[in-house]
Amino acid sequence: MKLYKTVLLCLAGTVLWAGSTFADSINTNDLFGSSSGALVEEPSGNTDKTDLSSDLLTSKAGVTIGGAYHFKAAAALKENDLENPSFDSMDDSFSIDLGTTLSFDARPDDTIRVLGKVVIAYPFTGGTFSDVFHVTELFSDFNIDDKVFFRAGKSTINWGVGYFFSPADLLNVSKIDPEDPDAELEGPVSVKINVPVGINNLYLYVIAPEGIISASELALAPKAEFVIGDSEFGLGAYYQKDHVPAGMVTVTSALGDVSLFGEGVVTYGSDKTFVKQDGMSYALVTDDDTVFFKGTAGFRYSWSDDLSNFSFNVSGQYLFNGEGYENNDQDFVTANRLIIMGSGLVSASDIAQTGRHYGAGNFSWNEMFQSDFTFSMFWLGNLSDGSGMMKPSLSYTGFDDIDISLSLPYSYGDIGDEYTPMGDSVSASLTFSLGGTAF
Amino acid sequence: MKKKIGLLTAALLLTGVLSAGALTTAKAEAILGDLDASRNFSNTDFSAVMTMVTEDPEKGIDKIKVQQFRRDGKDTFLMLFLEPESKKGQGYLRINDNLWFYDPESRKFNHTSMKDSFGGTDAKHSDFRISTLKEDYNVKTVADGKLGRFSVYIMDLKAKNSEVTYPRLKLWITREGHLLLKAEDYSATDRLMRTSLFPKYAKVKNRYIATIMIFVDELVKGRKTQISIANISTKKLPDTIFTKSYVERVNR
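Each protein sequence line maps, in turn, to chains A and B.
Every number in the working numbering is 29 more than the matching position in the first sequence, counting from 1.
Every number in the working numbering is 4 more than the matching position in the second sequence, counting from 1.
Below, the structure is given as structure tokens:
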């Protein structure tokens, strides 16, 4: 009988609950009752004269100082001998990533602003200013009659649309790190001229390469961005005397809730130095009269269930690298990669991306079951030589100002392959982010 | 006999649906048109500062301040984050069917979806664009009701297309003045997802702007977002506001 009553009470409770909503906790009589005051009120101030758009372009408080601070400490164990793993053969390491970004923003009136950004990074030693302080941006924005807009100085350039790889990004000094694709890139000293034409944009970049001593060394890069339907296209070119000319096309669009992007780049010649087998040794060659093509396509997608128990972000990208080696040349580079790298005769960028086909992807399950845990799986692979890395991570953000992350990067491939020059390996890394913030 | 009772019941229910609100479906749809017209600034620009306070039982209180610019005549808007520091400079630019998200860290514009939640709040991008209720929904039922001291029409709407954020809406609209006081938003499986309350309006140039909006998450108990709107302006905005260049320039 007691059980019967309990079941009945539960059923009654369920029926009552089913008819109520969380919004019922808000008293609509307080909101819409007689004591709630007038439903319609007059707005304060003169709504015809306030111009909020120009307020954002000026700074009443003078120069604005801001920035960000981060401190990460990471301990890692790495095992290179996966066939006979043991604690004795593991390498342990500890690293500190401590730094701050400081910026100033000055807007004496609504037609001009000056922005500077400097990065100060640990270790704070070294004989020169640039060993400790690194200026990543220093530029001014100004315009002619709100029709032609200029950005002059050193600044990041928004050029490609790729996420993990962006071969169309011909202008920035630094390249996208697939493991940290959202990181700010460092741009060159340049003058950007932008003319908006309705929804479309025309750009011209005049770029001063580092160490420039003659006007003839200036590079020119025009670009047009235009929208057709719900897709945006970009067409651009790059020209600098004594360097390979390049043309590029970009597209971003959407298929339902999936964001799509793609890039294609054609160059006449290559700035890379190639390695060619020469008997028992090798020779370094350049190529100025071959047309090289690079193309990439990818997607980004987010999904969450109604209760946010399953909140997923997925992204993936394929890269065709026309500058990559193939067939016997690929085998030769693989067999001799350590020797070539150690020779000092080629730069790091010459011996990077030696394959023709690449892939990258990331899957993250954010705040699993509404908890403070996030799981992610990152993958980067050279599909030509079969090497790559996978990095599962579990992070916890339940403490204020303290984030903890455990990751298990696994590099797979043969000795000499791009991502496993020393052979495959697995690591365990525990990272603490302490007190990082923007200000 | 049973069949006759069934028919009678159906007829009574149908009569109730159509007559209880003393409105035909056509008149109800005309009210939706009035509602759209009263909320849209099709002939002038609109700008304001929105303060969004989200209460989450797990994560506490989160405050976001956003500068809003709208040009409803061209279905265009720009939303710029002013606070907190971690989001400052981020922005959403919508022009026609294109919505870009600007990330000041990478200085990149990315296409994004209108159905996404706005800045992690309970508001959606579609809450800030031109109102197209009459165009996007059919009125299924309408009835009379009371909400607090207000006599209201209670309308049940079903989406005409899959582009809308919610396939079914239930609206409480004042009989006098046709102002939206409350909305319930349902998923495709008819699950109540969100309740929205609009207790305060400002009248600007014969248009009505909800100056206080409360969005209650019906899936996570205790989670809600209150939006307050201030610094309302209908001054014509320069065309350059709705450009990528402007978004880049205001970023600090």
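Glycine included, each C-beta is placed from N, C-alpha and C at the ideal position.
What you are looking at is a predicted structure, and each value in this text was computed from that prediction instead of being measured.
What is the DSSP secondary structure of Gly216/A, reduced to helix, strand or coil?
Looking at Gly216/A - three-state DSSP - the assignment turns out to be coil, as it is neither helix nor strand.
Counting only beta-carbon separations shorter than 8 Å, does Ile94/A have a partner in chain B?
No, Ile94/A lies away from the interface with chain B (no Cβ there is under 8 Å from its Cβ).
Could you tell me how far apart the beta carbons of Phe398/A and Asn342/A are, in whole angstroms, since I believe they sit closer than 8 Å?
Incorrect: roughly 16 Å between the Cβ atoms, too far for contact.
Does the beta-carbon of Asp76/B have 16 or more other beta-carbons within 10 angstroms, so that it is buried, or is it exposed?
Buried is the call here.
Say whether the segment 176-193 of chain A touches the segment 305-312 of chain A, bearing in mind that this needs 3 or more beta-carbon pairs closer than 8 Å, one atom from each stretch.
No: fewer than three Cβ pairs fall under 8 Å.
Do Lys186/B and Glu71/A count as a contact pair if the criterion is CB distance below 8 Å?
Not closer than 8 Å, so no.
Any beta-carbon of chain B closer than 8 Å to the one on Asn350/A?
With 8 Å as the cut-off, Asn350/A does not count as an interface residue toward chain B.
Looking at the structure shown, is Ile231/B part of a helix, part of a strand, or coil, going by DSSP?
In the structure shown, Ile231/B sits in a strand (DSSP, three-state: E or B).
Would you kindly check if the distance between the Cβ of Ser260/A and the Cβ of Thr279/A is under 8 Å?
Contact flag unset, no.
Under 8 Å between C-beta atoms, does Ser155/B make it to chain A?
Ser155/B does not count as touching chain A.
So, Gly410/A versus Gly417/A, is the Cβ gap smaller than 8 Å?
It is a contact, given that the beta carbons lie within the stated cut-off.
With contact counted as at least three CB pairs below 8 Å, one residue from each stretch, are the segment 157-166 of chain A and the segment 263-276 of chain A in contact?
Flag = no, the segment 157-166 of chain A and the segment 263-276 of chain A do not touch.
Taking contact to mean 3 or more Cβ pairs, one atom from each stretch, closer than 8 Å, check whether the segment 160-170 of chain B and the segment 54-64 of chain B are in contact.
The answer is no - the segment 54-64 of chain B does not touch the segment 160-170 of chain B, with fewer than three Cβ pairs under 8 Å.
Should the segment 239-256 of chain A be called in touch with the segment 76-94 of chain B, which here means at least 3 C-beta pairs below 8 Å?
Short answer: they don't touch.
Would Met2/A be called buried (16 or more neighbouring beta carbons within 10 Å of its own) or exposed?
Residue numbering for chain A in the displayed model covers 30 to 468; residue 2/A lies beyond these limits and cannot be assessed.
Measuring alpha carbon to alpha carbon, tell me which residue in Ile35/B, Trp176/B, Pro108/B, Leu39/B is nearest Leu86/B.
Among Ile35/B, Trp176/B, Pro108/B, Leu39/B, the Cα nearest to that of Leu86/B is on Pro108/B.
So what does Val143/B bridge to, in DSSP terms?
Answer by DSSP bridge pairing, in chain order: Leu161/B.
Under three-state DSSP, which class holds Met119/A?
If DSSP states are grouped into helix, strand and coil, Met119/A belongs with coil.
For Ile55/A, return the contacting residues in chain B, with the cut-off set at a CB-CB distance below 9 Å.
Going along chain B in sequence order, the residues near Ile55/A (Cβ under 9 Å) are Thr199, Leu201, Ile218, Val220, Lys228.
Taking the C-alpha atoms as reference points, what is the distance between Asp160/A and Pro421/A?
Approximately 34 Å between the Cα atoms of the pair.
So, is Gly66/A buried or exposed, given that buried needs 16 or more other C-beta atoms within 10 angstroms?
Gly66/A should be labelled exposed.
Can you give me the C-alpha to C-alpha distance between Phe113/B and Leu289/A, rounded to a whole angstrom?
Cα-Cα distance, rounded: 13 Å.
Going by other Cβ atoms of all chains shown within 10 Å of its Cβ, with 16 needed for buried, is Gly25/B buried or exposed?
Low local confidence applies: a pLDDT of 47 at Gly25/B is under 50, so the model's placement there is unreliable, and no value is given.
Does the CB of Lys69/B have a neighbour CB from chain A at under 8 Å?
No, its Cβ sits nowhere closer than 8 Å to a Cβ of chain A.
Does any CB atom of chain B fall closer than 8 Å to the CB of Val143/A?
No, no contact with chain B.
Which same chain residues end up closer than 6 Å to Leu435/A when comparing Cβ atoms and leaving out the 5 residues on each side of it in sequence?
Here the set comprises Leu423, Leu459.
Residues of chain B with a CB under 7 Å from the CB of Asp259/A: which are they?
Simply Asp101, Asn102.
So what does Asp453/A bridge to, in DSSP terms?
Its beta-bridge partners do not exist; DSSP assigns none.
Would you list, in chain order, the members of the segment 155-176 of chain A that have their beta-carbon closer than 7 Å to a beta-carbon of chain B?
Cβ contacts with chain B: Asp170, Asp175.
Short of 9 Å Cβ to Cβ, which residues in the segment 397-418 of chain A face chain B?
Going along the segment 397-418 of chain A in chain order, one finds Gln399, Ser400, Asp401 with a Cβ nearer than 9 Å to chain B.
Who are the neighbours of Ser232/B on chain A, taking C-beta pairs under 8 Å?
The premise fails here: Ser232/B is roughly 12 Å from chain A at the closest Cβ pair, so nothing lies under 8 Å.
Just checking my contact of Val156/B with Arg179/B at CB under 8 Å: how many whole Å lie between their CB atoms?
Yes, they are in contact, since the Cβ atoms of Val156/B and Arg179/B sit about 6 Å apart, within 8 Å.
Going by beta-carbon coordinates alone, are Asn350/A and Gln382/A separated by less than 8 Å?
Cβ distance < 8 Å, so Asn350/A and Gln382/A count as in contact.
Going along the chain, which unbroken runs of the beta strand (DSSP E) with 3 or more residues stay wholly within the segment 177-256 of chain B?
Those beta strand (DSSP E) runs which fall completely within the segment 177-256 of chain B and span 3+ residues are 184-190, 196-208, 211-221, 228-237.
For my contact list, Ile231/B and Ile213/B are in at a C-beta cut-off of 8 Å; report their separation, rounded to the angstrom.
The Cβ separation is near 11 Å, so there is no contact.
Could you tell me whether the Cβ of Asp76/B comes closer than 8 Å to any Cβ of chain A?
No, Asp76/B does not count as interfacial toward chain A.
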